[in-house]
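Protein chains in written order, with the numbering used here: chain A, 1 to 199; chain B, 1001 to 1199; chain C, 2001 to 2199; chain D, 3001 to 3199. Report on the structure given below.
4 protein chains.
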Amino acid sequence: MTPTRPLRADAARNRELLLAAAADEFAERGLDASVADIARRAGVGKGTVFRHFATKDDLLAAIVLDRVEALNAVGERLLDAADPGAALLEFLTAAAHQRQQRDLSFLQEAGELSPEVTRVRSRMFHIVRTLVDRAREHGAVRADVTGADVILLMCAPNYVAGYVPDAPPDLWRRYLAIIFDGLRPEGAHALPHPPPPAP
Amino acid sequence: MTPTRPLRADAARNRELLLAAAADEFAERGLDASVADIARRAGVGKGTVFRHFATKDDLLAAIVLDRVEALNAVGERLLDAADPGAALLEFLTAAAHQRQQRDLSFLQEAGELSPEVTRVRSRMFHIVRTLVDRAREHGAVRADVTGADVILLMCAPNYVAGYVPDAPPDLWRRYLAIIFDGLRPEGAHALPHPPPPAP
Amino acid sequence: MTPTRPLRADAARNRELLLAAAADEFAERGLDASVADIARRAGVGKGTVFRHFATKDDLLAAIVLDRVEALNAVGERLLDAADPGAALLEFLTAAAHQRQQRDLSFLQEAGELSPEVTRVRSRMFHIVRTLVDRAREHGAVRADVTGADVILLMCAPNYVAGYVPDAPPDLWRRYLAIIFDGLRPEGAHALPHPPPPAP
Amino acid sequence: MTPTRPLRADAARNRELLLAAAADEFAERGLDASVADIARRAGVGKGTVFRHFATKDDLLAAIVLDRVEALNAVGERLLDAADPGAALLEFLTAAAHQRQQRDLSFLQEAGELSPEVTRVRSRMFHIVRTLVDRAREHGAVRADVTGADVILLMCAPNYVAGYVPDAPPDLWRRYLAIIFDGLRPEGAHALPHPPPPAP
DNA sequence: AATGAATGAGGCTTCATTCAT
DNA sequence: CATGAATGAAGCCTCATTCAT
């Protein structure tokens, strides 16, 4: 957006170190990991964190932005896949694969983060809706399920697996499979509540 | 349980006010809602919180204990229901009905809380396993799903619904229905990951 | 002073219980023993403490008053003893025998406590001065030592013994003996500093 | 000792300011002077205290360490003095000169503070015992007095002088002289209680 | 008169953020 | 630019004191 001149090489490197360290720290300690710990993990001074990200929330926003953009890249590629059902499952798998569990608050705290995040998030929502619509048309997803439903359910596999103390890293695949089976037309029972509006 | 004499009328009332206020506050703000806010919401002084619950963690433990015990009462009643599939669904409905959104970490952080919590939680796990086993025997639940799976999935409907900004209070029913459909034998696809050990 | 009607029998009993419990608690825990602990030790409710003593400081003052009055009774009896040197030593022994160590702040925080305490304390100072004067006249105490000196040195034996972790209860006698030897005329060296004014 | 790089100039200055302010505050208010007051007295923010000393106790330990080490330096120098009696008196004078009145609990609460404090304190005890032994051999100190006795009596002059409201700063010299006279062989009376064990 | 529940000021400590070096 | 020292708001908890029961 702002035409920022490219960062000096070492500064760019520090930025990446910080994003990685912060992502790890948030994943391990939850959203209130301390900036000091993040700085230490990145091997830089505390002040450097604030040179790159004016605020702890900005740092979080940057992480979320990265993640959502990466996910969108996957999604774009799947938009015109031959098998829409498989495409949706692949997208959800990719999403869960960025297993950032609890700190993946990129759905919830909407609007709190940066405008950029809001933008890419909207894009992601649009992608999911499209993938779901196509899958539904192909009979791969039950008729009464909407894109909004899938957006909401998207994080559940990680959330669920997060409760297991020393979970194997791929446990979420099990719960994604169960939930995805719940989205299929076979054996579907009528849903007792109307869907929420599109986010 | 402990032979404490019954609380004075006003003290008992404050205790309930506090439990309710704390549950609300935890639900809204997450686990690090401040004791001051809880006290304010309950309309009592900060010190009163500590008279009733020596520690913030004790307060959390008391909430969890209440909830789990209430849930266990429901579960006990359902253990020998005529229709085991319906019984399991009813139990999960009751569990979600205590709409303790995402922060109700009564499954996680096991052992951190009081021994009583550990006890009632174990009891709850046992109940769920029994309900699942009976439902599976009746063909109401797919063969490859375990009690541990259901225990983990139990909170997902609330978690998922919690992401909707001003969600209708019963939205969770929709996601419970979808997830429960995923647990049924009809249209089940093989699961890509083995189940976790029983908690 | 105030013509307080005599306390009811049980109230009087509680008052004594409280004074004893408080003295013990102060002796063990220092000046910031908690009122709650004192009440518990006395076997009464916390409110009862404040019915008898409007303030924690008032409670302390009452203890000090008791102690100083008891000490004064001893002192009065010794004022015209046949052997003034022995009389002074006996007084100091009695004083140290009320070994309340650190909490015996009846010298220091003067004026903070009640007017009654100030009064009996003055009386005590007068007694000590008299005992010292007589002892000096008899050659039992060196010429350059004043009553004020002895008043100040009076608490030192307990203070000193208080540093020994599990001191035998009479250890202070050893240090009183050493200090008293320092007050004797034999082997006295000139003092490098003038005495302080009488308190 | 620990190979910490030297502090930045301003940080080092603040550290000294804090040590001085804390020593003063502890001396005036006793051991529970508040960290906030210490910070205010040092002219720094509350947080700065904790940057330098992780804990209030660490701050206390640092003060004690400084004092005891300084004292040990004096003591070492006196260990082989020509006149052992004068050497002991000089050591006690130096000790009292660090007029850290009654609250300087550097003798008491042993082991609570850091291992370093324990170490230098042990060293100090050893020094005192050596000085006393040599003085006793030279006939400068009575036969029945031990090093442990002197260690205990060491703080008494300050303690005693501390009771005088606006004491002249050197008043402790008077009481050190009196107590030291009590340690001399001339005019010594038999002690009524055995000495405590060496600390 | 006794009890113990309620209160809120104040204590220690953490941490995001600012700023001098 | 990077560093880490300084800051102060906020959090949890304790405790003297007041007050309803």
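Quick reminder that beta carbons are idealized off the backbone N, C-alpha and C, glycines included.
Given a threshold of 16 other Cβ atoms within 10 Å of its Cβ, counted over all protein chains shown, does residue i qualify as buried or as exposed?
i                        : result
proline 3196 (chain D)   : buried
alanine 3096 (chain D)   : buried
arginine 2174 (chain C)  : buried
leucine 2031 (chain C)   : exposed
aspartate 2010 (chain C) : exposed
glycine 2045 (chain C)   : exposed
leucine 3107 (chain D)   : Here the model assigns leucine 3107 (chain D) a pLDDT of 48, short of 50, so the residue's position is not dependable and the matter cannot be decided.
alanine 1188 (chain B)   : buried
threonine 2002 (chain C) : Confidence is the limiting factor: at threonine 2002 (chain C) the pLDDT is only 46, short of 50, which leaves the residue's position unreliable and the question unanswerable from this model.
alanine 198 (chain A)    : exposed
alanine 3190 (chain D)   : exposed
Output the boundary residues of the alpha helix (DSSP H) element that contains residue i.
i                        : result
aspartate 2083 (chain C) : Aspartate 2083 (chain C) -> no alpha helix (DSSP H), and no H or E assigned at all.
alanine 3135 (chain D)   : 3115 to 3137
histidine 1052 (chain B) : 1046 to 1052
alanine 2190 (chain C)   : That residue, alanine 2190 (chain C), is in no alpha helix (DSSP H); it is neither H nor E in DSSP.
glycine 3162 (chain D)   : Premise fails: glycine 3162 (chain D) is in no alpha helix (DSSP H) and is neither H nor E.
glycine 2182 (chain C)   : 2171 to 2183
aspartate 2032 (chain C) : First-last for aspartate 2032 (chain C): undefined, no H or E at that position.
glycine 3147 (chain D)   : 3147 to 3153
Can you find a CB in chain B that lies within less than 8 Å of the CB of residue i?
i                           : result
alanine 67 (chain A)        : The residue you asked about is not alanine; residue 67 (chain A) is arginine in the sequence shown. So, not an interface residue.
proline 195 (chain A)       : yes
proline 192 (chain A)       : yes
alanine 156 (chain A)       : yes
aspartate 83 (chain A)      : no
isoleucine 259 (chain A)    : Nothing in the structure corresponds to residue 259 (chain A), since chain A is present only between 1 and 199.
phenylalanine 106 (chain A) : Below a pLDDT of 50, predicted positions are generally treated as unreliable, and phenylalanine 106 (chain A), at 47, falls in that range; no measurement from the model is reported.
isoleucine 179 (chain A)    : yes
valine 160 (chain A)        : yes
valine 164 (chain A)        : yes
Have a look at residue i and residue j and give me their C-alpha separation to the nearest angstrom.
i                         : j                          : result
serine 2034 (chain C)     : alanine 27 (chain A)       : 44 Å
serine 1114 (chain B)     : phenylalanine 91 (chain A) : 41 Å
aspartate 144 (chain A)   : glutamate 116 (chain A)    : 32 Å
proline 3192 (chain D)    : aspartate 3058 (chain D)   : 40 Å
isoleucine 3151 (chain D) : leucine 3131 (chain D)     : 11 Å
leucine 19 (chain A)      : arginine 119 (chain A)     : 20 Å
glycine 2162 (chain C)    : tryptophan 2172 (chain C)  : 8 Å
valine 3064 (chain D)     : alanine 12 (chain A)       : 48 Å
aspartate 2200 (chain C)  : alanine 2062 (chain C)     : Nothing about residue 2200 (chain C) can be reported from this structure: the residues present for chain C run from 2001 to 2199 only.
aspartate 2166 (chain C)  : asparagine 3014 (chain D)  : 39 Å
leucine 3060 (chain D)    : alanine 3036 (chain D)     : 15 Å
arginine 2051 (chain C)   : glycine 1047 (chain B)     : 22 Å
threonine 2055 (chain C)  : glutamate 1025 (chain B)   : 37 Å
leucine 3089 (chain D)    : alanine 2023 (chain C)     : 37 Å
methionine 3154 (chain D) : proline 3169 (chain D)     : 17 Å
valine 2164 (chain C)     : glutamine 2098 (chain C)   : 17 Å
leucine 2017 (chain C)    : glycine 3085 (chain D)     : 51 Å
threonine 3093 (chain D)  : leucine 3176 (chain D)     : 8 Å
Say whether chain A places a C-beta atom closer than 8 Å to the C-beta of residue i.
i                        : result
aspartate 1057 (chain B) : no
aspartate 1010 (chain B) : no
alanine 1167 (chain B)   : yes
Could you tell me whether the Cβ of residue i comes closer than 8 Å to any Cβ of chain D?
i                        : result
glycine 2075 (chain C)   : no
glutamate 2186 (chain C) : yes
leucine 2019 (chain C)   : no
aspartate 2032 (chain C) : yes
aspartate 2037 (chain C) : no
Nearest chain C C-beta to residue i closer than 8 Å, yes or no?
i                        : result
arginine 3174 (chain D)  : yes
histidine 3189 (chain D) : yes
arginine 3133 (chain D)  : Per the sequence shown, the amino acid found at residue 3133 (chain D) is aspartate instead of arginine. Aspartate 3133 (chain D) does not count as touching chain C.
glycine 3147 (chain D)   : no
glycine 3139 (chain D)   : no
Any heavy atom of the ligand FAD closer than 7 Å to the Cβ of residue i?
i                        : result
histidine 2138 (chain C) : This structure simply doesn't include the ligand FAD, nor any ligand for that matter.
Q.
Check whether the region 3180 to 3195 of chain D and the region 3115 to 3130 of chain D touch, using three or more Cβ-Cβ pairs below 8 Å as the test.
A. No, because fewer than three Cβ pairs between the region 3180 to 3195 of chain D and the region 3115 to 3130 of chain D fall closer than 8 Å, the two stretches do not touch.
Q) Touching or not, the region 3075 to 3082 of chain D and the region 3154 to 3162 of chain D, by the rule of three or more beta carbon pairs under 8 Å? A) Taking a contact to require three or more Cβ pairs closer than 8 Å, the region 3075 to 3082 of chain D and the region 3154 to 3162 of chain D do not qualify as touching.
(Q) Assess contact between the region 3066 to 3074 of chain D and the region 3039 to 3053 of chain D, defined as three or more Cβ pairs (one per stretch) separated by less than 8 Å. Is contact present? (A) Contact fails: fewer than three Cβ-Cβ distances are below 8 Å.
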